[in-house]
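In my numbering, the protein residues as written are 48 to 435. Glycine is no exception: its CB is placed at the ideal position from the N, C-alpha and C atoms. A quick note: this is a predicted structure, and the numbers were derived from the prediction, not measured.
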Amino acid sequence: MDESRAALILTPTQKSVDPELLEIAGSFALPAPVRSIAPLGSGNVNDTWRVDLPPASEGPQALVLQRLNTRVFPRPDLVMANIRRLGEHLDRPGALAAAGGRWELPRVVPVRGSGAPCLEQGGQVWRLLTFIARSRSVDTITGHRQALQVGRALGTFHSLIHDLPTAELADTLEGFHVTPGYLAAFERVLRRTEVPLTPQAQHCIAFIRDREAFMPVLEEAQRSGRLRQRPIHGDPKVNNILFDSDSGDAIALVDLDTVKPGLIHYDIGDCLRSGCNRLGEETDDWRSVRFDLELCEGVLEGYISRAHRFLEDADYDHIPDAIRLLSLELGLRFFTDHLAGDVYFRTSRPRHNLQRALVQFRLTESIETQQGEIRSLVERLRRQASAA
Ligand code: GN1
Ligand code: MG
C-alpha cells in the first residue's frame, strides 16, 4: 500500500497492523484513524476482525470488519440491502420501544466516497459494521438467568421484525434450513465422496437414514398452510447474542447475513439446539453431549414472554419438532461437508466436521428421548402465556 496513505490512517501508537487490512478499513467512512485491528469471534463462514479507533474519537470507537464468503453468499449486495432494510424498520419512531430496554443493531458503515455498503477489491468483498459497545457474548449458557435472556433476545428480535413484510427482504441464501434439500445434497455427495467411510462415518450415515422420513416436517407444515413465512434471523445461535457487560441483559442479536424470509421455527430450533448443549458445539467429548431441559425451559420461557403476542397455536405445536430438526439438520450439514472435503464450514483440523456432526447427532438423540417432556413444557408455557 502507499506509505502516505498509511501515515494518514495510522495513529502514532499503532504500527503493527496488517497493512492490507489497514488499507481495506481505511477505504470506509471512518470518523478517526485506525488504532488496531485484531481477529474477532469464531464464525464458520466469514472472516471477521475488530477495528479499534482512538478512545477520544467521536462516534463509534470500535467496528467490525468482515470479508464476506461469496461462495456462501453469492449476492452480497442483497445481503447488505436486507441489513439496511432491517435498520430502517427499527428506526421508525417508537419501533425499538417493543424491546423494553437497551436494544441495538449493528449499522452499516459505507465506503468512503461512493457510499456503497461493501467494498469489492481483488475479487473479495468487504464490509464494515458498527461494534456494539459494552457488550459480551458466550459460547454456552451458564444458568437459568442467562437462558431466560437468550430466549428474550430471540423473542425481542422476532417481535421487532414480525411486521416487516417478507416481500421487502431478498432471499439471500436459497434453500437455507430447508432440510430435505440438505438430505438430497448428502445423497449426491455420498455417491462420489473420496473420504474414508470409517465406523464413525457409517454411524452418521445410518443415523441420517433412520430419520429421513422426519426431515420434511417443517416444509410440509408450510405447504399445508399451518406455518407461514415471516422475517427471520436465520442464525440465532447462542454466541450471536450480545449481553450488556454490566447488567447481563441481552441487548442485540448480531450476524445479520441470514436475515430473510423463512420459518421462525428455524430460529427457535437453532437457538435451542445451540443454547441447551452445555458442552457447546465444538466439544470433542461428543459422547457426553446432552440436551439440557432446564436450560430449555429458561430459553423457551424467555422467548414466549416476548413472542406470545404473535405466536399462533400451530406455532407452538411445531416447536418440539423444530428443536429436534434443527440439531439433526446441522449434523447433516456438517457431515455432508466432511464427505465433500470441508468446502463450506471453516475447519481447523482433519475430521473437524465429522466431530461436529457427531455432537449434533448425539444432541438430536438426547432431544428425541426427551420429546415428551419438551412437549409438556411447551404446553405449560403456552397455557401460562394465554392466562397472563
Ligand atoms: C454457520 O458462520 P457462522 O458460525 O455464523 C452457519 C450456520 C450454522 C453455524 C454452526 C450461513 O454460522 O447455519 O448454524 O455455522 N451459517 C451459514 O456453527 O451457513
Ligand atoms: Mg452466521
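How many Å lie between residue i and residue j at the Cα?
i, j, result
"Tyr441", "Val346", "The question about residue 441 has no answer, for the chain in this structure spans 48 to 435."
"Asp65", "Ile84", "8 Å"
"Cys165", "Leu216", "18 Å"
"Lys233", "His250", "Note that residue 233 is Phe in the sequence shown, not Lys. If I take the Cα positions, the gap works out to 14 Å."
"Asn116", "Gly309", "21 Å"
"Thr383", "Arg371", "18 Å"
"Arg337", "Leu137", "37 Å"
"Ala142", "Ala214", "20 Å"
"Asp291", "Arg256", "43 Å"
"Arg270", "Gln276", "11 Å"
"Ser294", "Arg181", "10 Å"
"Gly322", "Ala369", "14 Å"
"Pro107", "Arg154", "10 Å"
"Ser161", "Phe392", "32 Å"
"Asp218", "Cys318", "21 Å"
"Val70", "Gly134", "Correcting the residue identity first, residue 70 is Glu in this sequence and not Val. Answer to the nearest angstrom: the Cα atoms are 27 Å apart."
"Val152", "Glu376", "Inspection of the sequence shows that residue 152 is occupied by Leu rather than by Val. Cα to Cα, the separation comes out at about 28 Å."
"Ile311", "His209", "10 Å"
"Met48", "Gln168", "Note that Met48 scores 36 on pLDDT, short of 50, meaning its location in the model is unreliable; the coordinates nonetheless yield the value given after this. Each residue's alpha carbon lies about 13 Å from the other."
"Glu415", "Gly90", "28 Å"
"Cys343", "Arg192", "12 Å"
"Asp94", "Arg149", "28 Å"
"Ala54", "Ala163", "Its pLDDT being 35, under 50, Ala54 is placed unreliably in this model, and the coordinates cannot settle the point."
"Ala268", "Pro212", "21 Å"
"Pro123", "Val406", "31 Å"
"Val390", "Leu87", "22 Å"
"Glu420", "Leu68", "50 Å"
"Ala103", "Arg159", "21 Å"
"Arg52", "Ser74", "Annotation note: pLDDT 40 at Arg52 (below 50); position unreliable, coordinate value reported separately. Rounded to the nearest angstrom, the two C-alpha atoms are 10 Å apart."
"Leu289", "Val92", "19 Å"
"Arg258", "Arg139", "44 Å"
"Gly281", "Val197", "15 Å"
"Gln61", "Ser413", "Confidence at Gln61 is low in this model, with a pLDDT of 49, below 50, so its placement is unreliable and the value that follows should be read with caution. Computed Cα separation, rounded: 50 Å."
"Arg396", "Arg353", "40 Å"
"Leu326", "Ser335", "8 Å"
"Phe254", "Gly170", "40 Å"
"Ala231", "Arg398", "22 Å"
"Pro283", "His385", "23 Å"
"Gly442", "Arg238", "No answer is possible for residue 442: the residues shown for the chain start at 48 and end at 435."
"Thr394", "Gly222", "23 Å"
If the criterion is Cβ atoms closer than 7 Å, does the pair residue i and residue j meet it?
i, j, result
"Pro80", "Glu105", "no"
"Asn324", "Leu265", "no"
"Tyr229", "Ile279", "no"
"Phe178", "Val111", "yes"
"Val285", "Ala387", "no"
"Ala361", "Arg273", "yes"
"Leu100", "Arg82", "yes"
"Leu340", "Gln247", "no"
"Pro157", "Ala76", "yes"
"Leu1", "Glu348", "There is no way to answer for residue 1, as the model of the chain reaches only from 48 to 435."
"Ile315", "Ile252", "no"
"Val126", "Asp304", "yes"
"Phe357", "Gly378", "no"
"Val301", "Asn287", "yes"
"Ala109", "Arg97", "yes"
Hey, is residue i close to the ligand MG, as in C-beta under 6 Å from one of its heavy atoms?
i, result
"Asp282", "yes"
"Asp302", "yes"
State the CB to CB distance for the pair residue i and residue j, rounded to an integer number of angstroms; the pair is presumed to be in contact (CB under 8 Å).
i, j, result
"Ala145", "Leu207", "6 Å"
"Ala299", "Arg199", "Their Cβ separation, rounded to whole angstroms, is 12 Å, which puts Ala299 and Arg199 out of contact at 8 Å."
"Ala432", "His355", "4 Å"
"Ile351", "Gly202", "7 Å"
"Asn422", "Ser374", "The sequence given here places Arg at residue 422; Asn does not occur at that position. Their Cβ separation, rounded to whole angstroms, is 16 Å, which puts Arg422 and Ser374 out of contact at 8 Å."
"Leu220", "Phe120", "7 Å"
Can you determine whether any heavy atom of the ligand GN1 sits closer than 6 Å to the C-beta of residue i, and answer yes or no?
i, result
"Gly322", "no"
"Asn400", "no"
"Asn129", "no"
"Asn91", "yes"
For the ligand GDP, I want to know if residue i counts as a neighbour, meaning its beta carbon is within less than 6 Å of at least one of the ligand's heavy atoms.
i, result
"Asp257", "Absence of the ligand GDP from the depicted structure is noted, with the ligand GN1 and the ligand MG being the only ligands included."
*Count the CB pairs spanning the region 160-176 and the region 116-134 that are closer than 8 Å, and state whether there are at least three.*
Yes: the two stretches touch, three or more of their Cβ pairs being nearer than 8 Å.
Discussion item. Check whether the region 224-243 and the region 184-204 are in contact - that is, three or more C-beta pairs closer than 8 Å.
Written reply: Flag = no, the region 224-243 and the region 184-204 do not touch.
- Hey, is the region 329-343 in contact with the region 396-407, meaning 3+ C-beta pairs nearer than 8 Å? Segments in contact, yes.
- Message: Would the region 217-226 count as touching the region 258-278 if we require 3 or more Cβ pairs under 8 Å?
- Response: Short answer: they touch.
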